[in-house]
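Here the sequence shown is numbered in UniProt numbering, starting from 1 and rising by one per residue. We treat Cβ as the ideally placed atom computed from N, Cα and C, and that holds for glycine. Quantities reported herein were computed from a predicted structural model and do not represent experimental measurements.
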Amino acid sequence: MNLINSISGVKPANLIGTKSEEGQENLAIFSSVVHLGSSPAQLGFVMRPQTDEIKDTYANIQETGYYSINHVGESFVEKAHYTSAKLKKEESEFEHMNIENIYIKDFHAPYVKKSQVKMGMKLTHQIHLPNDCIFMIGEVVLLDVAEKIINEKGQIDLSASKTTGISGLNTYYSLNKIDDFPYG
Numbered sequence: 001m002n003l004i005n006s007i008s009g010v011k012p013a014n015l016i017g018t019k020s021e022e023g024q025e026n027l028a029i030f031s032s033v034v035h036l037g038s039s040p041a042q043l044g045f046v047m048r049p050q051t052d053e054i055k056d057t058y059a060n061i062q063e064t065g066y067y068s069i070n071h072v073g074e075s076f077v078e079k080a081h082y083t084s085a086k087l088k089k090e091e092s093e094f095e096h097m098n099i100e101n102i103y104i105k106d107f108h109a110p111y112v113k114k115s116q117v118k119m120g121m122k123l124t125h126q127i128h129l130p131n132d133c134i135f136m137i138g139e140v141v142l143l144d145v146a147e148k149i150i151n152e153k154g155q156i157d158l159s160a161s162k163t164t165g166i167s168g169l170n171t172y173y174s175l176n177k178i179d180d181f182p183y184g
């Protein structure tokens, strides 16, 4: 199982923030966020099967249609990892792991204050996969990126942002730029 979980290599570490209609905040780590398109700006991520127990992240997105995606930085990677702990529905991972949240421009879902890259997402599609996982697709409706990590080409410098990656379920890596090649 560990071998299979790690064969795809390093994937981006992101925290997904949600809030129920009753105001209960939730935060969970994901390593499956992928870019799907630029116009409109869309990202997707994979939810584990919701057959035995509906997880708070999924339930909150279903209720409200909104969530945040936040890059995990090196300075809070351990706290981010432990958002995967099993907590009661009424417990917030923000509080439990002492991760400070922030709300931006009246967006429904909370963001991770220390994250250098914060995305406000609106759910647009769900695709049920053969293994009972769910591929969630959302449109970026709000983007908050620290100016100091945007390079001269208008791209995010992941080395400067100290963004982390995950291999398997619990091995974290720092990301360092090797080179920059012209578009093929």
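{"query": "Return the Cβ separation of residue 93 and residue 83 in integer angstroms, given the expectation that the two are a contact with Cβ distance under 8 Å.", "result": "4 Å"}
{"query": "On the DSSP letters alone, give me the boundaries of the beta strand (DSSP E) that residue 42 sits inside.", "result": "41-47"}
{"query": "According to the neighbour-count rule (16 or more other Cβ atoms, all chains shown, within 10 Å of its Cβ), is residue 164 buried or exposed?", "result": "buried"}
{"query": "For a quick check, are the C-beta atoms of residue 57 and residue 16 less than 8 Å apart?", "result": "yes"}
{"query": "Taking the C-alpha atoms as reference points, what is the distance between residue 117 and residue 105?", "result": "15 Å"}
{"query": "Got a sec, what are the start and stop residues for the beta strand (DSSP E) residue 72 sits in?", "result": "Here residue 72 belongs to no beta strand (DSSP E), and DSSP marks it neither H nor E."}
{"query": "How far does the beta strand (DSSP E) with residue 144 in it extend, from its first residue to its last?", "result": "134-145"}
{"query": "Distance, Cα to Cα, residue 131 vs residue 124?", "result": "21 Å"}
{"query": "What number of angstroms, rounded off, separates the C-alpha of residue 19 from the C-alpha of residue 178?", "result": "38 Å"}
{"query": "Quick check on this structure: which residue in 141, 184, 80 has the alpha carbon closest to the alpha carbon of residue 38?", "result": "141"}
{"query": "Which residue marks the beginning of the beta strand (DSSP E) containing residue 125, and which one marks its end?", "result": "117-128"}
{"query": "When you compare the CB of residue 126 with every CB in chain B, is at least one pair closer than 8 Å?", "result": "Absent here is chain B; the protein component of the structure consists of one chain."}
{"query": "Quick one, which of 27, 36, 107 has its alpha-carbon nearest residue 87's?", "result": "27"}
{"query": "Over what stretch of residues does the beta strand (DSSP E) that includes residue 14 continue unbroken?", "result": "14-19"}
{"query": "Tell me which same chain residues have a C-beta within less than 7 Å of the C-beta of residue 128, skipping the five on either side of it?", "result": "134"}
{"query": "Is residue 171 helix, strand or coil when you go by DSSP?", "result": "strand"}
{"query": "On the CB-based measure, 16 or more other CB atoms within 10 Å of its CB, does residue 60 come out buried or exposed?", "result": "buried"}
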